[in-house]
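Visitor:
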Amino acid sequence: MNQQANCHSEFDPNSLSVDAALESIQSRITAIQGSESISISEAVGRVLAEPILSPMQIPAFTNSAMDGYAFRGSDLRKNSPTQLQIVGKVFAGHVFEGEVQAGECVRIMTGAKLPDHCDSVVMQEHVTLENNQIKIDDSHQSGQNVRYAGEEIEINSPVLNSGHCLTAADVGLCASLGIASVDVKPKVRVAFFSTGDELKSLGEPLSTGEIYDSNRYTLSALLLSPAISAINLGIIPDDKQAIETAFENAINQADLIITSGGVSVGEADFVKQTLDKLGEVGFWKISMKPGRPLAFGQLKNSFFFGLPGNPVSAMVTFLHFVKPAIAKLTGRTQTESQFLQVTTVSTLKKRPGRVDYQRGILFVNETGETVVKTTGQQGSHMLTSMSLANCFIVLPLESGNIEVGERVKVEPFCHLFS
Ligand code: AMP
Ligand code: MG
Numbered sequence: 005m006n007q008q009a010n011c012h013s014e015f016d017p018n019s020l021s022v023d024a025a026l027e028s029i030q031s032r033i034t035a036i037q038g039s040e041s042i043s044i045s046e047a048v049g050r051v052l053a054e055p056i057l058s059p060m061q062i063p064a065f066t067n068s069a070m071d072g073y074a075f076r077g078s079d080l081r082k083n084s085p086t087q088l089q090i091v092g093k094v095f096a097g098h099v100f101e102g103e104v105q106a107g108e109c110v111r112i113m114t115g116a117k118l119p120d121h122c123d124s125v126v127m128q129e130h131v132t133l134e135n136n137q138i139k140i141d142d143s144h145q146s147g148q149n150v151r152y153a154g155e156e157i158e159i160n161s162p163v164l165n166s167g168h169c170l171t172a173a174d175v176g177l178c179a180s181l182g183i184a185s186v187d188v189k190p191k192v193r194v195a196f197f198s199t200g201d202e203l204k205s206l207g208e209p210l211s212t213g214e215i216y217d218s219n220r221y222t223l224s225a226l227l228l229s230p231a232i233s234a235i236n237l238g239i240i241p242d243d244k245q246a247i248e249t250a251f252e253n254a255i256n257q258a259d260l261i262i263t264s265g266g267v268s269v270g271e272a273d274f275v276k277q278t279l280d281k282l283g284e285v286g287f288w289k290i291s292m293k294p295g296r297p298l299a300f301g302q303l304k305n306s307f308f309f310g311l312p313g314n315p316v317s318a319m320v321t322f323l324h325f326v327k328p329a330i331a332k333l334t335g336r337t338q339t340e341s342q343f344l345q346v347t348t349v350s351t352l353k354k355r356p357g358r359v360d361y362q363r364g365i366l367f368v369n370e371t372g373e374t375v376v377k378t379t380g381q382q383g384s385h386m387l388t389s390m391s392l393a394n395c396f397i398v399l400p401l402e403s404g405n406i407e408v409g410e411r412v413k414v415e416p417f418c419h420l421f422s
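Going by the working numbering, the first residue of the sequence shown is number 5, and it counts up by one from there.
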């Protein structure tokens with residue numbers, strides 16, 4: 005790694021590190037109070053307000069793990085085959101009412117309750133069937149192919165913790181325990197709007213100098229979550245009164261307000277006047293690229309993030325600051341990001357002084373190794389770099405240019421966007 009703190013470096017003594025900014029944000033945010041009871045059919049992606057204890061054991065009864073024959077393990081002979089008489093059959097959902105004596109077996113299907121006195125099952129593929137008798141060789145063991153009552157979950161044992169975000173598997177798990185509804189945290193109400201005289205909504209004609217507002221669409225996509233109630237407040241022009249009205253409107257209906265644009269040098273003072281009137285907001289220069297300007301604070305009872313206007317900067321700051329903040333508001337625990345260390349097959353241009361979140365593509369090369377390459381042009385206005393990427397290549401503050409073959413830290417999108 006080339007550490008060149010020269011005239012091209014981007015060190016700024018007035019800037020805040022990514023970690024310090026994140027810590028400052030997270031230390032001010034607390035989970036929204038309260039809970040609501042909802043059906044498990046609507047619970048995926050919601051955050052548990054109470055732990056779930058198992059009201060029953062799983063399996064509820066000892067049953068067969070295979071389609072085959074249930075028998076008494078004590079009947080197995082050593083060093084010679086065992087022969088057993090078939091005395092009945094039992095399907096899943098039914099009970100074998102008879103008594104299984106020594107030397108007898110019952111045809112059984114996967115999930116069917118094991119007949120009394122039976123403790124073992126032999127797979128149907130492992131028997132020789134002749135005259136209503138089965139013959140099994142001496143390779144089998146007592147207790148095989150059986151799922152024991154309570155072996156997975158004991159009654160009253162903790163199954164899911166408070167603060168856990170429910171997955172599809174968790175919903176199924178609740179159903180298997182007979183749990184029809186769960187207590188979850190309230191949805192976080194997130195209001196967002198774009199600022200800028202140059203912005204137009206989709207469907208409107210563009211005049212010279214105007215662009216389509218992409219950030220509001222990106223944000224609304226990023227906020228699609230069962231734990232979030234998103235409130236889209238449109239585009240607000242760079243006009244003092246319009247901005248003030250928009251903030252007051254947002255404060256009345258949201259736990260969190262996100263804006264994009266208007267926080268970089270030059271524009272900051274304008275938005276700042278409004279924000280100073282309504283609350284306490286810090287305008288930060290964060291030593292990261294993209295995403296240097298970021299505003300964060302509190303407006304009455306709502307938290308506020310002012311994201312930079314450049315579309316990639318808005319995404320990078322959303323993912324690294326807003327997303328963890330929303331997670332904390334929802335009461336969610338366990339939100340660690342996951343990183344990989346891989347080799348880069350591209351040279352990566354970098355000036356010391358800021359942490360870079362370059363856009364990369366993780367792929368498996370011809371020799372089977374997972375490596376990363378750049379998406380190409382890295383301008384903070386170029387959304388194609390995000391669209392092509394499946395990861396951020398995170399280059400540390402001090403780092404200069406990176407050569408092919410060096411190991412780099414990578415943050416896969418599959419974790420970051422989940
Ligand atoms: P600003 O942070 O307002 O100075 O904006 C920085 C750059 O981002 C400018 O080129 C803006 O035109 C652009 N920009 C601001 N908001 C948006 C938006 N909602 N969608 C797309 N580009 C934007
Ligand atoms: Mg602007």
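A virtual CB, placed ideally from N, CA and C, is assigned to each residue, including glycine.
Counting beta carbon pairs with one atom in the segment 381 to 400 and one in the segment 359 to 371, are three or more of them shorter than 8 Å?
Guide: With the cut-off at 8 Å, the segment 359 to 371 and the segment 381 to 400 touch.
Visitor: May I have the straight-line CA-CA distance separating ALA318 from LEU311, to the nearest angstrom?
Guide: Rounded to whole angstroms, ALA318 to LEU311 spans 5 Å at the Cα level.
Visitor: Looking at ARG50: is its Cβ nearer than 8 Å to the Cβ of LEU170?
Guide: Going by C-beta atoms, ARG50 is nearer than 8 Å to LEU170.
Visitor: Below 6 Å CB to CB, which residues in the same chain sit around THR334 once its five sequence neighbours on both sides are set aside?
Guide: VAL51, LYS189, VAL192 and ALA231.
Visitor: Going straight from the alpha carbon of GLU252 to that of ILE235, what length do you get?
Guide: Spanning the two alpha carbons is a distance of roughly 14 Å.
Visitor: In whole angstroms, what is the alpha-carbon distance linking THR378 and GLU370?
Guide: Roughly 18 Å separates the two Cα atoms.
Visitor: Name the one or two DSSP bridge partners that ASP360 has.
Guide: Answer by DSSP bridge pairing, in chain order: LYS293 and LEU399.
Visitor: Is VAL267 near GLY295, with beta carbons less than 8 Å apart?
Guide: In this structure, GLY295 does not lie closer than 8 Å to VAL267 by Cβ.
Visitor: Going by C-alpha to C-alpha distance, which of GLY372, ILE240, VAL194 and ALA179 sits closest to LYS204?
Guide: Among GLY372, ILE240, VAL194 and ALA179, the Cα nearest to that of LYS204 belongs to ILE240.
Visitor: Does the distance from the C-beta atom of ILE33 to that of ALA254 stay below 8 Å?
Guide: Not closer than 8 Å, so no.
Visitor: In the DSSP assignment, what residue or residues form a beta bridge with HIS317?
Guide: Reading off the sequence, residue 317 comes out as Ser, not His. DSSP lists no partner for SER317.
Visitor: Please state whether the Cβ-Cβ distance between ASN314 and SER384 is less than 8 Å.
Guide: Cβ distance < 8 Å, so ASN314 and SER384 count as in contact.
Visitor: So GLU407 and PRO356 are in contact, right, with Cβ under 8 Å, and what is the actual spacing, rounded?
Guide: The Cβ separation is near 15 Å, so there is no contact.
Visitor: Just checking THR199 against ligand 2 - is the residue's beta carbon closer than 7 Å to any of the ligand's heavy atoms?
Guide: Yes, Cβ of THR199 sits closer than 7 Å to a heavy atom of ligand 2.
Visitor: Rounded to the nearest angstrom, what separates ASN405 and MET70 at their Cα positions?
Guide: Answer to the nearest angstrom: the Cα atoms are 59 Å apart.
Visitor: Do you know offhand how far TRP288's Cα is from VAL412's?
Guide: Roughly 27 Å separates the two Cα atoms.
Visitor: From the DSSP output, in three-state form, read off GLN61 for me.
Guide: Three-state DSSP puts GLN61 in coil, outside helix and strand.
Visitor: For LYS244 and GLN277, what's the separation of their Cα atoms in angstroms?
Guide: Their Cα atoms are separated by approximately 9 Å.
Visitor: Determine, using beta carbons only, whether VAL194 and LEU282 come nearer to each other than 8 Å.
Guide: No, these two residues do not count as a Cβ contact at 8 Å.
Visitor: Sort LYS293, SER306 and ASP141 by Cα distance to LEU279 and report the nearest one.
Guide: When each option's Cα is compared against that of LEU279, the closest is SER306.
Visitor: Just curious, the alpha helix (DSSP H) that GLU248 is in, first and last residue?
Guide: Counting along the chain, the alpha helix (DSSP H) containing GLU248 begins and ends at 244 to 255.
Visitor: Does the structure place the segment 106 to 126 close enough to the segment 135 to 153 that three or more beta carbon pairs sit under 8 Å?
Guide: Judged by Cβ distances under 8 Å, the segment 135 to 153 makes contact with the segment 106 to 126, as three or more pairs qualify.
Visitor: Between which two residues does the alpha helix (DSSP H) harbouring GLU27 extend?
Guide: 22 to 32 is the extent of the alpha helix (DSSP H) around GLU27.
Visitor: Under the DSSP definition of a beta bridge, which residues are partnered with ALA225?
Guide: None; ALA225 has no bridge partner.
Visitor: Would you say the beta carbon of ASP217 comes nearer than 7 Å to a heavy atom of ligand 2?
Guide: Result no, Cβ not under 7 Å from ligand 2.
Visitor: Using only alpha-carbon positions, find the residue among THR114, ARG336, GLY265 and SER68 that is nearest to PRO55.
Guide: When each option's Cα is compared against that of PRO55, the closest is ARG336.
Visitor: Taking one C-beta from the segment 82 to 94 and one from the segment 129 to 142 each time, how about it: are there three or more such pairs within less than 8 Å?
Guide: Result yes; three or more Cβ-Cβ pairs closer than 8 Å.
Visitor: Determine the DSSP secondary structure at ILE140, reduced to helix, strand or coil.
Guide: Three-state result, ILE140: strand.
Visitor: My understanding is that GLU156 touches PRO59, with C-beta atoms under 8 Å, so please give their C-beta distance in whole angstroms.
Guide: In fact, because the Cβ distance is near 14 Å, the residues do not count as touching under 8 Å.
Visitor: Nearest to GLN128 by alpha carbon, out of THR388, ALA74, GLY102 and VAL91?
Guide: Among THR388, ALA74, GLY102 and VAL91, the Cα nearest to that of GLN128 is on ALA74.
Visitor: How about ASP242: is its Cβ closer than 7 Å to a heavy atom in ligand 2?
Guide: Yes, the Cβ of ASP242 comes within 7 Å of a heavy atom of ligand 2.
Visitor: Have a look at PRO416 and LEU366 and give me their C-alpha separation to the nearest angstrom.
Guide: Their backbone Cα atoms lie some 8 Å apart in a straight line.
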